[in-house]
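Position 240 of the sequence shown, counting from 1, maps to 240 under full-length UniProt numbering, and the rest follow consecutively. Right, one structure below, let's go through it.
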Amino acid sequence: MPFIQDGPDASLTAAAVRQLCRDNELPTPSTAGWAPDCAQANIVILPAKYADDFRTFCLRNPVPCPLLGETKPGDPTVPSFLAKSSDIRTDCGRYNIYKDGQWVDNKTDVMEEWKDDSVAFFIGCSYSFESALVANDLPLRHQEIHKMTPCYKTSVQLMQAGIFSGRMVVSMRPYPADRVSDIQAITRSFSKAHGEPVGYGPEGAAKLGIQDVDGQKPDWGDATVMKEGEVAVYWGCGVSPQQAVLDSKIPGTVMCHQPGMMLVLDLKAKDVCE
């Protein structure tokens, strides 16, 4: 379906947004801004034999991988405390498919790939705190220009857990340098949605090993627009587990959300705060 240019319809419920995704009718390039009072989740679906290691990986790396919940092996039903009457095989906008640590496909559902031993994990997303930024006069550039949030693979090595290891991925949003302290204060409490920034400006980019300080060549997502007086602000990102799948060359089939296309939850954004 072609993308619209007017942005998300903020009046729709989370369930209605999931129905749009299920029907392959979400008319925007990402789920950012949809059901703005609700939380969103990154998705990783993998064989049950890796579930313990992956759960530990998330717990050891809570900033990029804040774990919200998981399914039972073979049961595609999203836990009801996250979203009611939701099937994880169909309710994200799009999915990336990996086999033996290699990307192989991008699909609108994973009905064919889902197995009897598949376990889905739900990881908090920074889209969950975006409405709080907007409410404090901190607009979102990616929504203004109808693009996806730029994301970068950093040089920061995450703590290994069993088969899983990899480098942290961060999302980036440009903001005036004199508002960084406000941004830190607003997002700090969203501990289950990556929390406060892990870095900002040229110094932060250098510590993270990011050379593209102007947001023009991200590893995922779209290039952004930087205005005079703005700096890049970086948050931990739930694409980190997908990078771990690639870095660790996980055998078998792993399914993840397409970056930017999250699962929109019934869980309220305020409920991912400390």
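Note that beta-carbon positions come from the ideal geometry of N, C-alpha and C, so glycine has one too. Here the structure is a predicted model, which means the values were calculated and not measured.
If you drop the 5 nearest sequence neighbours on each side, which residues of the same chain put their C-beta closer than 6 Å to that of I4? Here residue 4 refers to the residue found at position 4 of the sequence shown. Only weak support is given to the placement of I4: the predicted model assigns it a pLDDT of 44, under 50, and the value that follows is read from those uncertain coordinates. P27, listed in sequence order.
Using the C-alpha atoms, what's the distance from D91 back to L20? In the sequence shown, the residue the question calls residue 20 occupies position 20. In the sequence shown, the residue the question calls residue 91 occupies position 91. If I take the Cα positions, the gap works out to 8 Å.
Taking the C-alpha atoms as reference points, what is the distance between E144 and C151? Position 144 of the sequence shown, counting from 1, holds the residue named residue 144. Position 151 of the sequence shown, counting from 1, holds the residue named residue 151. Their backbone Cα atoms lie some 17 Å apart in a straight line.
Run of the beta strand (DSSP E) containing G69, from where it starts to where it stops: The residue given as residue 69 occupies position 69 in the sequence shown. Counting along the chain, the beta strand (DSSP E) containing G69 begins and ends at 67 to 70.
What residue from S128, G74, A51, E112 has the CA that sits closest to T187's CA? As a working note, residue 187 is residue 187 in the sequence shown. Closest by alpha carbon: S128.
Please give me, in chain order, every unbroken run of the beta strand (DSSP E) with length at least 3 that falls completely inside the stretch 73 to 114. For the stretch 73 to 114, whole beta strand (DSSP E) runs of length 3 or above, ordered along the chain, are 95 to 99, 102 to 107.
Got a sec? Which residues, its chain only, sit under 6 Å from V169 by beta carbon, not counting five neighbours each side? By 1-based counting over the sequence shown, the position of residue 169 is 169. If we look at V169 and ignore the five residues flanking it on each side, its Cβ neighbours are C151, K153, C237, V239, S240, Q243.
So, are the CB atoms of T108 and G221 less than 8 Å apart? By 1-based counting over the sequence shown, the position of residue 108 is 108. By 1-based counting over the sequence shown, the position of residue 221 is 221. Against a cut-off of 8 Å, the Cβ pair of G221 and T108 comes out as no contact.
Can you list, in chain order, the residues of its chain whose CB lies under 8 Å from that of K217, leaving out five sequence neighbours each side? By 1-based counting over the sequence shown, the position of residue 217 is 217. For K217, where only same-chain residues beyond five positions count, the Cβ hits under 8 Å are A223.
Neighbourhood of W235 by C-beta distance below 7 Å, restricted to the same chain and skipping five residues each side: Translated into positions along the sequence shown, residue 235 becomes position 235. Closer than 7 Å at the Cβ level, and outside the excluded window around W235, lie S126, V170, S171, H194, P197, V198.
Residue from D37, D116, K268, D9 whose Cα sits closest to the Cα of L46: Within the sequence shown, residue 46 is the residue found at index 46, counting from 1. Of D37, D116, K268, D9, the residue nearest in Cα terms is D116.
Can you tell me which residues form a DSSP beta bridge with residue 276? No answer is possible for residue 276: the residues shown for the chain start at 1 and end at 274.
Flag this pair as yes or no: are the beta carbons of H146 and G7 separated by less than 8 Å? Translated into the one-based positions of the sequence shown, residue 146 becomes position 146. Translated into the one-based positions of the sequence shown, residue 7 becomes position 7. Yes, Cβ-Cβ distance for H146 and G7 is below 8 Å.
Is the beta carbon of T253 less than 8 Å from the beta carbon of E113? Within the sequence shown, the letter at position 253 stands for residue 253. Within the sequence shown, the letter at position 113 stands for residue 113. Yes, the pair counts as a contact, with Cβ atoms nearer than the cut-off.
Quick check on DSSP: helix, strand or coil for D37? Taking the first residue of the sequence shown as 1, we reach residue 37 at position 37. In the structure shown, D37 sits in coil (DSSP, three-state: anything other than H, G, I, E or B).
What's the C-alpha gap between D75 and D37? The sequence position of residue 75 within the sequence shown is 75, counting from 1. The sequence position of residue 37 within the sequence shown is 37, counting from 1. Roughly 28 Å between the two C-alpha positions.
Figure out for me which residue from C58, V44, L82 has the closest Cα to the Cα of V264. Within the sequence shown, numbered from 1, the residue matching residue 264 stands at position 264. Taking only the C-alpha atoms, the option nearest V264 is L82.
Exposed or buried, which one is L59 when buried takes at least 16 other CB atoms within 10 Å? Along the sequence shown, one-based indexing puts residue 59 at 59. Exposed is the call here.
Applying the 10 Å Cβ sphere with the 16-neighbour rule, what's the burial state of G93? Along the sequence shown, one-based indexing puts residue 93 at 93. Buried: at least 16 other Cβ atoms inside 10 Å.
Roughly how many whole angstroms lie between the Cα atoms of T77 and R22? Mapped onto the sequence shown, residue 77 falls at position 77. Mapped onto the sequence shown, residue 22 falls at position 22. One C-alpha to the other measures close to 14 Å.
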